[in-house]
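Asker: With the sequence shown counted from 1, adding 336 to any position gets you our numbering. Don't be surprised by glycine CBs; every beta carbon is placed ideally from N, CA and C. Mind having a look at this structure? Questions to follow.
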Amino acid sequence: PTLLRELVPAEQVAGHYGALLSLYALMQVIFAPVLGQFSDAY
């Protein structure tokens with residue numbers, strides 16, 4: 337949150353923080369099967 341406060345206007349920090357958290361969760365959903373396949377193969 338500190339980095340966002342420096343880069344984004346104060347009234348938009350909450351929205352950007354929520355977007356980053358959502359993107360993190362989405363990437364976990366997308367890449368978990370890929371990483372699972374790699375761990376099974378190697």
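By Cβ distance below 8 Å, which residues in the same chain neighbour Y353 in space, the five residues on each side in sequence not counted?
Answerer: Sequence index remark: in the sequence shown, residue 353 carries index 17 (1-based). The answer, listed in chain order, is P337, L340.
Asker: Straight-line CA distance for G327 to Y360?
Answerer: Only positions 337 to 378 of the chain appear in the structure, and residue 327 is not among them; the question remains open.
Asker: According to DSSP, is Y360 part of a helix, a strand, or is it coil?
Answerer: Locating residue 360 in the sequence shown gives position 24, where the first residue counts as 1. It is helical.
Asker: With H, G and I counted as helix, E and B as strand and the rest as coil, what does DSSP make of P369?
Answerer: To locate residue 369, count along the sequence shown from 1; it is residue 33. Of the three classes helix, strand and coil, the one that applies to P369 here is helix, per DSSP.
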